[in-house]
Every structure is written in C-alpha cells, then in structure tokens.
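Numbering (this note's numbering), first residue to last: 282 to 408.
Taking it in order: structure first as structure tokens, then the write-up.
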C-alpha cells in the first residue's frame, strides 16, 4: 500500500496569517480569470496525483507550475498533517526569471513555520 494519501483524502488549504489574510487566495483573485483557471487546474492535478507530480524545491517546500500563454506562475506549498493529506498553499507569484526566487522560497518557509507554530500552540491550549 502506498504511503501517499489518495486523491479523495488530499485537500488544498490556504495558509492564513494571524489576522486571517490568505495570501495565495488574494494572489489568485488578483489574476485574470483564464490565468487563475490554469493555475487551479494544475493544483487539482497535484491533488489528484500527489506531491510526486510537483517539483520539490527544498526541505518541505514544493511548487505547482502553471503556464498560460507566455505567463509562468508558481504556487509554493507543503504537505502537512499526519498522513501528508493537507496541501498547504504558502506563496503564489508570477515567475519572471529562470530560477524560483530565493525570497519566495524563504517566505514560504517562514509561513510554514508560522503555521506549524500556531498549530502547536493551539493544540497545547486544548490540553
């Protein structure tokens, strides 16, 4: 049996700041409909097939790659939860260079650390 959860168990969730801001959602809704639809199709493909179809950047950070016409987009995410069934979207951007910008990866890592820290604090307060 595969250790990767099935498509029925995997789900996308947005990182939220402590103030409830959802940066990836805001990024997606700032785009033209066609561009957003292309990105969402690629995100759905990752949900269906698992992180193995995404590009691993480093540590726990992966990227969804989407192209519409000549525009290249990336959504950085991490797999969370006991069975890695939560695909946590952390950062989205319009890619303009050959390499994924270091600042985007660092921001995704910071958001992931924040998400984990707040989750751990929440669990402790419920004990």
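For glycine and all other residues, C-beta sits at the position ideal for the given N, C-alpha and C.
Residue i: first and last residue of the uninterrupted beta strand (DSSP E) it sits in
| i | result |
| --- | --- |
| residue 376 | 367-376 |
| residue 363 | Where residue 363 is concerned, there is no enclosing beta strand (DSSP E), given that its DSSP letter is neither H nor E. |
| residue 341 | That residue, residue 341, is in no beta strand (DSSP E); it is neither H nor E in DSSP. |
| residue 379 | Neither: residue 379 is in no beta strand (DSSP E) and is coded neither H nor E. |
| residue 291 | Per DSSP, residue 291 belongs to no beta strand (DSSP E) and is neither H nor E. |
Same chain, Cβ closer than 6 Å to residue i, neighbours up to 5 away in sequence not counted
| i | result |
| --- | --- |
| residue 367 | 294 and 361 |
Three-state secondary structure (DSSP) of residue i
| i | result |
| --- | --- |
| residue 352 | strand |
| residue 391 | helix |
| residue 335 | coil |
| residue 399 | helix |
| residue 383 | helix |
Pick from the options that is closest to residue i, judged by C-alpha positions
| i | options | result |
| --- | --- | --- |
| residue 396 | 345, 300 and 375 | 300 |
| residue 372 | 341, 381, 364 and 388 | 388 |
| residue 296 | 357, 384 and 401 | 357 |
| residue 342 | 350, 333 and 352 | 333 |
| residue 346 | 364, 400 and 321 | 321 |
Cβ shell of residue i (< 8 Å), same chain only, five flanking positions each side left out
| i | result |
| --- | --- |
| residue 391 | none |
| residue 385 | 355, 357, 372 and 374 |
4-residue-minimum alpha helix (DSSP H) runs that sit fully inside the stretch 297-327, ordered along the chain: 304-310
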